[in-house]
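Visitor: Please see the structure below; I have some questions.
2 protein chains.
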Amino acid sequence: MIPTATLGRLVTYLRVVAELETEGVLTTSSEAIAGRAHATAFQVRKDLAYCGRLGTRGSGYQVAPLARELRRALGLTRVWHVAIMGVGRLGQALADYPNFDRYDFALRAAYDADPAKVGSTVGPLVVEGLDDLAASVARHALDMAFLTVPAAAAQGAADALVAAGIRGILNFAPTVIEVPAHIRVESVDFLAGLTRLTYYVGNPPAE
Amino acid sequence: MIPTATLGRLVTYLRVVAELETEGVLTTSSEAIAGRAHATAFQVRKDLAYCGRLGTRGSGYQVAPLARELRRALGLTRVWHVAIMGVGRLGQALADYPNFDRYDFALRAAYDADPAKVGSTVGPLVVEGLDDLAASVARHALDMAFLTVPAAAAQGAADALVAAGIRGILNFAPTVIEVPAHIRVESVDFLAGLTRLTYYVGNPPAE
Ligand SMILES: NC(=O)c1ccc[n+]([C@@H]2O[C@H](COP(=O)([O-])OP(=O)(O)OC[C@H]3O[C@@H](n4cnc5c(N)ncnc54)[C@H](O)[C@@H]3O)[C@@H](O)[C@H]2O)c1
Ligand SMILES: NC(=O)c1ccc[n+]([C@@H]2O[C@H](COP(=O)([O-])OP(=O)(O)OC[C@H]3O[C@@H](n4cnc5c(N)ncnc54)[C@H](O)[C@@H]3O)[C@@H](O)[C@H]2O)c1
Chain A
0 MIPTATLGRL VTYLRVVAEL ETEGVLTTSS EAIAGRAHAT AFQVRKDLAY
50 CGRLGTRGSG YQVAPLAREL RRALGLTRVW HVAIMGVGRL GQALADYPNF
100 DRYDFALRAA YDADPAKVGS TVGPLVVEGL DDLAASVARH ALDMAFLTVP
150 AAAAQGAADA LVAAGIRGIL NFAPTVIEVP AHIRVESVDF LAGLTRLTYY
200 VGNPPAE
Chain B
0 MIPTATLGRL VTYLRVVAEL ETEGVLTTSS EAIAGRAHAT AFQVRKDLAY
50 CGRLGTRGSG YQVAPLAREL RRALGLTRVW HVAIMGVGRL GQALADYPNF
100 DRYDFALRAA YDADPAKVGS TVGPLVVEGL DDLAASVARH ALDMAFLTVP
150 AAAAQGAADA LVAAGIRGIL NFAPTVIEVP AHIRVESVDF LAGLTRLTYY
200 VGNPPAE
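Given below as structure tokens:
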């Protein structure tokens with residue numbers, strides 16, 4: 000298992016290397032990756048060692064093989080099927096979000112507890128109710144779900160997803176949800192970015 | 000200046016310590032903080048040294064003074080005024096987001112380029128147009144803005160905010176925006192959380 004802190008950094012390096020790939024860059028260095036990833040070149044070299052022997056001392060890394068190696072180490076070697084649980088404002092904004100396919104994520108289903116929303120279309124999906132959730136999760140071969148319901152409904156909606164066979168939840172609701180040990184929850188927290196931004200706005204670099 | 004990587008971790012420690020505060024916990028340790036922050040106790044002690052001499056060896060940290068000290072070190076010592084630029088689905092979801100006041104952020108204004116939205120109410124705000132943006136930014140004493148417009152409109156909307164006197168932008172749009180050196184941009188990227196989630200779902204811990 001990759002330690003959590005290292006995993007967070009490897010995910011950032013993959014975003015950086017994927018950006019270099021779309022920019023047509025062929026080779027890069029730990030210094031160049033560190034600059035875009037807000038890390039040190041030493042940390043980059045140490046972390047990339049988790050993915051096997053990459054790059055040669057003195058001549059850097061080939062971008063395309065490095066991206067492939069990072070995707071393999073992070074388990075992004077197949078298309079992952081994702082659902083939206085709660086098709087309100089945020090759920091609808093996510094249904095339209097461009098670029099999922101660039102990362103091999105496929106939005107496959109959308110669910111809402113409001114009968115008035117069931118049957119409507121959002122992005123590429125038709126909204127389903129919660130009646131036969133387990134059968135629907137199996138039919139769409141779902142792996143994970145975005146939890147985009149109000150905070151008060153979050154635990155109940157998470158329980159329904161877990162009972163239906165979902166193995167991972169990306170929680171957008173501002174509340175902590177409890178799940179069994181074999182289910183994974185990651186929370187999305189834009190307040191962390193806002194707090195970092197505040198620090199920089201309050202401490203502008205000397206001109 | 001606090002190095003970027005350290006800043007990211009201090010922001011996480013503040014969230015952890017603030018959670019302990021709302022749970023009524025009076026004292027904590029670097030081990031307890033490290034557990035919730037996915038860091039090592041050594042890293043926590045090293046990072047907290049940036050905020051001055053805190054805690055005593057062997058008996059841990061007092062939670063309330065530690066939270067105060069972290070807020071001071073991060074510049075969260077006053078209320079920061081934030082605007083929403085682009086009042087679509089995500090902008091509206093943000094206007095309703097609970098807890099801003101717990102972190103001393105005040106939503107003060109909302110702007111949209113669509114004349115049909117100007118004058119409508121969203122959360123606590125009345126939507127304004129872009130005509131007198133500089134005058135409005137001054138009137139609301141705005142510091143920062145959420146950029147929640149479509150990717151194609153993001154650079155133009157950012158330019159308008161910078162020209163109007165905004166000093167920090169939290170960018171939700173999936174595109175890189177260019178700003179002058181004295182303006183700070185932080186991007187919100189839920190794909191990093193989704194990628195971490197994928198790794199754990201693909202590598203479940205042994206039972
Ligand atoms: N992390 C972020 O970036 C961020 C930003 C804004 C809002 N939020 C949070 O996202 C969540 C959604 O916000 P919103 O503005 O879209 O809310 P919303 O009220 O517009 O939508 C919520 C939807 O969830 C549905 N719902 C309620 N209970 C349900 C259940 N048990 N099962 C399935 N569906 C259910 C509702 O019918 C509704 O369609 C909120 O918790 C909000 O605080 C997160
Ligand atoms: N980071 C995340 O968590 C996340 C999640 C979902 C969507 N998004 C992104 O957020 C953005 C908004 O998504 P949405 O679903 O709310 O879009 P939307 O189309 O519902 O809303 C966009 C709003 O921006 C306004 N607008 C367009 N050009 C403008 C300009 N130049 N100045 C001011 N306002 C302008 C439009 O009138 C509209 O009201 C998109 O870029 C989307 O990809 C981010």
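Protein chains in written order, with numbering that gives the first Met the number 0: chain A, 0 to 206; chain B, 0 to 206. Cβ coordinates follow ideal geometry from the N, Cα and C atoms, glycine included.
#1: Can you confirm whether E68/A, when its beta carbon is compared against all beta carbons of chain B, has any partner nearer than 8 Å?
#2: Compile a chain-ordered list of the residues in the region 2-31 of chain B whose CB is closer than 9 Å to at least one CB of chain A.
#3: Out of curiosity, what's the CA-to-CA distance linking L132/B and I176/A?
#4: On a Cα-Cα basis, can you pick out the residue from V125/A, T76/A and A159/A that is closest to V200/B?
#5: With a cut-off of 8 Å, does the C-beta of F189/A fall near any C-beta of chain B?
#6: Looking at the C-beta of V200/A, does it have a partner C-beta in chain B at a distance below 8 Å?
#7: Could you check if D188/B belongs to the surroundings of ligand 1, using beta carbon to heavy atom distance under 7 Å?
#8: Within the region 144-170 of chain A, note down every full alpha helix (DSSP H) run reaching 4 residues or more, in order along the chain.
#9: Is there contact between the region 137-152 of chain B and the region 141-157 of chain A, where contact requires at least three CB pairs shorter than 8 Å?
#10: Would the region 44-54 of chain A and the region 103-118 of chain A be scored as touching if the rule is three or more Cβ pairs under 8 Å?
#11: What are the residues of the region 75-95 of chain A that lie near chain B, defined by any Cβ-Cβ distance shorter than 9 Å?
#12: Who are the neighbours of R166/B on chain A, taking C-beta pairs under 7 Å?
#13: Would the beta-carbon of P114/A be found less than 7 Å away from any heavy atom of ligand 1?
#14: Between T27/A and the rest of its own chain, which residues show a CB-CB distance below 8 Å, the 5 nearest in sequence each way excluded?
#15: Could you say which of M84/A, A108/A and V78/A lies nearest to I171/A if we only look at CA atoms?
#16: Is the CB-CB distance between L106/A and G90/A below 8 Å?
#17: Using alpha carbons as the reference points, say which of V81/B, L25/B, I32/B and L196/B lies closest to R138/B.
#18: Could you tell me if A180/A is buried or exposed, where buried requires 16 or more neighbouring beta carbons within 10 angstroms of its beta carbon?
#19: Below 8 Å on C-beta distance, what does A150/B contact in chain A?
#20: Under the three-state reduction of DSSP, which class applies to L132/A: helix, strand or coil?
#21: Mind checking who E127/A pairs with in its DSSP beta bridge?
Guide: Per the coordinate set shown:
#1: Chain B places no beta carbon closer than 8 Å to that of E68/A, leaving this residue out of the contacts.
#2: Taking 9 Å as the Cβ-Cβ cut-off against chain A, the residues of the region 2-31 of chain B that qualify are P2, T3, A4, L6, G7, R8, L9, V10, T11, L13, R14 and E18.
#3: L132/B and I176/A have their C-alpha atoms roughly 40 Å apart.
#4: The option with the nearest alpha carbon to V200/B is T76/A.
#5: Cβ-Cβ to chain B under 8 Å: yes for F189/A.
#6: At least one chain B Cβ lies under 8 Å of V200/A.
#7: No - ligand 1 has no heavy atom lying nearer than 7 Å to the Cβ of D188/B.
#8: List check, alpha helix (DSSP H) in window: 150-163.
#9: The region 137-152 of chain B, when compared against the region 141-157 of chain A, does not touch it at the 8 Å Cβ threshold.
#10: Touching, no.
#11: Those would be L75, T76, R77, W79, V81, G87, R88, L89, G90, Q91, A92, L93 and D95, in chain order.
#12: Contact of R166/B with chain A by beta-carbon distance below 7 Å involves V200.
#13: Not under cutoff, so the answer is no.
#14: Scanning its chain for C-beta atoms nearer than 8 Å, with the 5 sequence neighbours on each side dropped, one finds around T27/A the residues V16, L19, G59, Y60, V62 and L65, in chain order.
#15: This sequence places Phe at residue 171/A; Ile is not what is there. When each option's Cα is compared against that of F171/A, the closest is M84/A.
#16: Cβ distance not < 8 Å, so L106/A and G90/A don't count as in contact.
#17: The candidate whose alpha carbon is nearest that of R138/B is V81/B.
#18: Around the beta carbon of A180/A, a 10 Å sphere encloses fewer than 16 other beta carbons of the protein chains shown; the residue is thus reported as exposed.
#19: A150/B reaches chain A at P97, counting residues in chain order whose Cβ is nearer than 8 Å.
#20: For L132/A, the secondary structure class from DSSP, reduced to helix, strand or coil, is helix.
#21: According to the DSSP secondary-structure assignment, E127/A is paired through a beta bridge with Y110/A.
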